[in-house]
Structure formats: structure tokens, C-alpha cells
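Peer 1: Under our numbering, read the sequence shown as residues 584 to 905, first letter to last.
Pasting a structure below so you can have a look.
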Amino acid sequence: MSALIEARGLSRSFSINTGMFKPRRTLHAVNGVDLTVARGEVLGIVGESGCGKSTLARMLLGLIAPTSGNMVLEGQDITTMSRRDMARRVQPVFQDPYSSLNPRRSIASIVSLPLEVHGVPNPKQEKAIAMLERVGLPARLADNTPGQLSGGQRQRVAIARALVMNPEIVICDEPTSALDVSVQAQIMNLLMALRREFNLTYVFISHNLAVVEHIATHVAVMYLGRVVESGVTAELFRNPRHPYTQALLASVLTPETGLGIPDMGLGLSFPDPVNPPSGCPFHPRCKDAMPHCSTVRPPLVKRDDGLIACHLYPAEERTLPS
Ligand SMILES: Nc1ncnc2c1ncn2[C@@H]1O[C@H](COP(=O)(O)OP(=O)(O)O)[C@@H](O)[C@H]1O
Ligand SMILES: [Mg+2]
Numbered sequence: 584m585s586a587l588i589e590a591r592g593l594s595r596s597f598s599i600n601t602g603m604f605k606p607r608r609t610l611h612a613v614n615g616v617d618l619t620v621a622r623g624e625v626l627g628i629v630g631e632s633g634c635g636k637s638t639l640a641r642m643l644l645g646l647i648a649p650t651s652g653n654m655v656l657e658g659q660d661i662t663t664m665s666r667r668d669m670a671r672r673v674q675p676v677f678q679d680p681y682s683s684l685n686p687r688r689s690i691a692s693i694v695s696l697p698l699e700v701h702g703v704p705n706p707k708q709e710k711a712i713a714m715l716e717r718v719g720l721p722a723r724l725a726d727n728t729p730g731q732l733s734g735g736q737r738q739r740v741a742i743a744r745a746l747v748m749n750p751e752i753v754i755c756d757e758p759t760s761a762l763d764v765s766v767q768a769q770i771m772n773l774l775m776a777l778r779r780e781f782n783l784t785y786v787f788i789s790h791n792l793a794v795v796e797h798i799a800t801h802v803a804v805m806y807l808g809r810v811v812e813s814g815v816t817a818e819l820f821r822n823p824r825h826p827y828t829q830a831l832l833a834s835v836l837t838p839e840t841g842l843g844i845p846d847m848g849l850g851l852s853f854p855d856p857v858n859p860p861s862g863c864p865f866h867p868r869c870k871d872a873m874p875h876c877s878t879v880r881p882p883l884v885k886r887d888d889g890l891i892a893c894h895l896y897p898a899e900e901r902t903l904p905s
């Protein structure tokens with residue numbers, strides 16, 4: 584199956600201020616990520632807060648440029664595509680629908696705006712209202728503003744706006760994290776139904792592993808800007824290999840609700856991303872660390888049906904015929 588989305592060495596760094604009279608430092612938010620997503624797949628991206636998920640999402644959406652590396656959509660480098668062509672094919676659903684919806688516009692005009700921007704012929708209003716109904720919002724809400732809706736309803740508006748142009752790819756960045764638990768399941772079910780109905784390909788970012796296990800066909804685990812393990816969802820959840828993935832999965836049952844990030848139970852806080860640990864960046868927190876883990880960074884290598892970057896799993900030795 585050929586790739587719909589292909590990211591090669593995608594990296595993004597930020598120059599940040601570390602204090603008055605101190606030199607600016609470089610923070611590698613995303614550091615050489617390779618991803619392949621086939622049409623119809625749902626790639627879940629998981630990892631603690633600060634590991635680079637949203638920065639990766641913004642690059643996949645073409646909202647920020649990579650510092651290096653590139654992203655290819657069905658063979659075409661996105662840097663050669665106009666913002667408009669990109670928006671027709673790739674649309675976002677963000678965590679906080681309130682800040683991404685104009686509070687002064689009516690729901691109908693928010694959803695029909697993309698049709699206007701892209702010069703879709705009339706009737707725009709009818710298309711917008713049909714999409715609102717499809718995402719489970721009654722047409723009578725069309726003249727309301729976002730402030731008059733509940734969080735779940737606002738997220739439905741954001742989904743309707745994302746889908747009204749018939750995109751192929753939807754990048755969901757923590758789409759249910761700001762919602763009540765009861766509403767989260769409804770939005771998840773809606774996203775899954777829409778995927779089938781519109782033949783969508785999703786990149787689905789979440790710190791909530793249960794949600795990812797439910798929706799994703801494939802999973803990539805990120806740590807400090809890099810993918811450390813990836814594979815088919817069922818296999819990765821059944822048999823996590825990277826010690827970080829194991830810790831992440833073990834943390835599902837003890838989420839630190841206040842922070843919205845898993846309690847890793849590893850006794851050490853998340854390292855300073857401006858000054859990441861040497862060797863394998865996970866080694867200071869790793870229960871299985873070996874001496875060379877602090878000096879040599881393990882490459883991401885193929886392992887069964889997935890990829891892993893860990894010295895416990897060296898690149899598969901080729902068995903030569905004797
Ligand atoms: N515009 C920015 N300027 C400086 N640092 C940033 C910026 N955006 C993100 N970062 C930093 O990049 C790292 C990754 O952030 P982010 O992609 O938001 O992670 P996640 O979505 O996984 O929580 C964090 O250390 C964050 O502070
Ligand atoms: Mg984020």
C-alpha cells in the first residue's frame with residue numbers, strides 16, 4: 584500500500600530565552616521523525632506532555648515549517664503546495680474548540696467559512712447545515728454563537744468545519760482532552776463513524792492511551808522529540824517492548840488527573856528538553872538501562888511489524904546461509 588503521508592527526518596527546533604543576560608538556547612521540539620501513514624489508517628501518537636506531539640501536528644498541517652526534513656503527501660512535497668491546496672486535503676481538530684472558533688460568528692457561518700474561502704459555489708448555508716446535522720448538532724443551533732454551546736457541541740462544530748471541504752486527512756490533537764468523560768466517548772464514536780463514512784485518514788494525538796488503543800490502527804510512541812517505538816496498535820499494546828512504552832502503558836491506571844499527563848511512577852521528572860540526556864534520552868528514567876545507554880543513542884530499527892529505538896533490541900542480525 585502506498586503512503587498517503589510520508590514524513591522524513593521531520594525536525595523543528597525553537598530558539599528560546601533561558602533568562603536575562605543568558606544566551607538563547609535551541610530546543611529540539613521534534614527531532615528527526617519518520618512517519619508513514621497509508622490511506623484509511625489511524626496513526627495514534629502518544630507520549631508525555633512536552634514530547635513534541637503538537638509541534639509535529641502543526642508541521643503535518645503545514646502550519647509551521649520544519650527546521651529540517653520534509654513531509655510528502657501522496658508523493659508531493661508539501662512545500663510545493665499552496666496553503667489553500669493543503670487545507671483542502673488536511674484539516675485539524677484541536678483540543679480546545681473554544682479558542683479555535685471565532686466567538687462572534689454564528690455556528691453556520693463558522694462551518695461555511697471554508698466553503699467561502701475556497702470559492703465553493705452555493706448553496707453554502709445548506710451544506711454547512713447538512714454537515715452540522717451529520718455531526719449531531721440540531722439545525723436550530725445554526726444561528727447561535729460558540730459561547731452558547733457546551734464543550735462537546737463546540738467540538739462537534741470544529742469537526743463539522745474540518746469536514747465541510749471533504750478533506751482526506753484529519754489531524755486530531757487531543758480532540759477529547761478538554762471534555763467531560765461522558766462526552767469524550769460520544770466524540771470518539773462520532774470520529775470513528777465519520778472516518779468510515781468519508782474514508783478519512785487520521786493522525787490522532789493523545790496522552791490518553793485508552794483512547795488511542797480504541798481508535799488507532801497504528802501507534803507511534805514519542806519521547807523528547809523522537810519516535811522510540813511504533814507498530815500495529817493491538818500488537819504494541821499486547822507486547823510493548825521499549826521500557827518507556829511499558830512504563831507509559833503501566834501508567835494508564837494511575838493518571839494524574841490534575842495535570843492530564845500520566846504518572847510515570849518512575850520517580851524522576853521529565854528531563855529538560857533544552858538539555859536532553861546523552862545517549863538514549865530515556866536512560867536516566869529507564870529501569871533496564873545498561874552502561875552504554877548513557878553514551879550511545881540507539882537508532883530506530885525494524886523489529887517484527889514495527890520500529891524500536893532501544894539497546895535492549897539491537898538491529899536484527901541477518902542470518903546468512905551457511
Ligand atoms: N513556539 C514555541 N517556542 C518555544 N518552545 C516551544 C514552542 N512550541 C513548543 N515548544 C516546546 O517544544 C516542546 C514540545 O512541545 P509540544 O509540541 O507542545 O509538545 P506536546 O504537544 O507533546 O505536549 C516543549 O518543550 C515546548 O515547551
Ligand atoms: Mg500538545
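By construction, the Cβ of each residue, glycine as well, lies at the ideal position given by its N, Cα and C atoms.
Source: prediction; values computed, not measured.
Please determine, among Ala799, Val786 and Val811, the residue with the shortest C-alpha to C-alpha distance to Pro882.
Peer 2: Pro882 has its Cα closest to that of Val811, out of Ala799, Val786 and Val811.
Peer 1: Can you tell me the Cα-Cα spacing of Ala776 and Met873, whole angstroms?
Peer 2: If you take the alpha carbons of Ala776 and Met873, they lie about 46 Å apart.
Peer 1: Report the residue from Pro897, Asp660, Ser877 and His801 whose alpha carbon sits nearest the alpha carbon of Asp888.
Peer 2: Selected option, being the one with the closest Cα: His801.
Peer 1: If I follow the unbroken beta strand (DSSP E) through Ser596, where does it start and stop?
Peer 2: Per DSSP, Ser596 belongs to the beta strand (DSSP E) from Ala586 to Ile599.
Peer 1: For Leu831 versus Phe820, is the C-beta spacing smaller than 8 Å?
Peer 2: Cβ distance not < 8 Å, so Leu831 and Phe820 don't count as in contact.
Peer 1: Enumerate, from N- to C-terminal direction, the unbroken alpha helix (DSSP H) stretches of 4 or more residues contained entirely within the segment 615–694.
Peer 2: Runs found: 636–643, 666–672 and 680–683.
Peer 1: Taking only three categories from DSSP, how would you classify Leu890?
Peer 2: Looking at Leu890 - three-state DSSP - the assignment turns out to be strand.
Peer 1: Would the segment 724–742 and the segment 679–699 be scored as touching if the rule is three or more Cβ pairs under 8 Å?
Peer 2: They touch, by the three-pair rule.
Peer 1: Excluding the 5 residues preceding and the 5 following Ser596 in the sequence, name in chain order all residues of the same chain whose CB lies nearer than 7 Å to its CB.
Peer 2: Only Thr609, Leu610, His611, Ala612 and Thr650 meet the Cβ criterion.
Peer 1: List the endpoints of the continuous alpha helix (DSSP H) containing Ala803.
Peer 2: Note, Ala803: premise wrong, no alpha helix (DSSP H); beta strand (DSSP E) at His801 to Tyr806.
Peer 1: In whole angstroms, give me the CA-to-CA distance for Glu709 and Val673.
Peer 2: Cα-Cα distance, rounded: 23 Å.
Peer 1: Just tell me which of Arg744, Arg641, Gly702 and Arg778 has its CA closest to the CA of Ser692.
Peer 2: Taking only the C-alpha atoms, the option nearest Ser692 is Arg744.
Peer 1: At the level of alpha carbons, what is the spacing between Glu757 and Gly627?
Peer 2: Cα-Cα distance, rounded: 11 Å.
Peer 1: Taking Cβ positions, are Tyr827 and Val794 nearer each other than 8 Å?
Peer 2: Their beta carbons are not under 8 Å apart, which means Tyr827 does not touch Val794 by this criterion.
Peer 1: Would you kindly report the start and end of the unbroken beta strand (DSSP E) that includes Leu733?
Peer 2: Strictly speaking, residue 733 in this sequence is Ser, with Leu absent from that position. First-last for Ser733: undefined, no H or E at that position.
Peer 1: Do Val625 and Arg778 come within 8 Å of each other at the CB atom, strictly closer than that value?
Peer 2: Result yes, Cβ atoms of Arg778 and Val625 sit closer than 8 Å.
Peer 1: How far does the beta strand (DSSP E) with Ser813 in it reach, from first residue to last?
Peer 2: Where Ser813 is concerned, the enclosing beta strand (DSSP E) stretches over Arg809 to Val815.
Peer 1: Give me whichever residues DSSP pairs with Asp756 in a beta bridge.
Peer 2: Its beta-bridge partners are Ile788.
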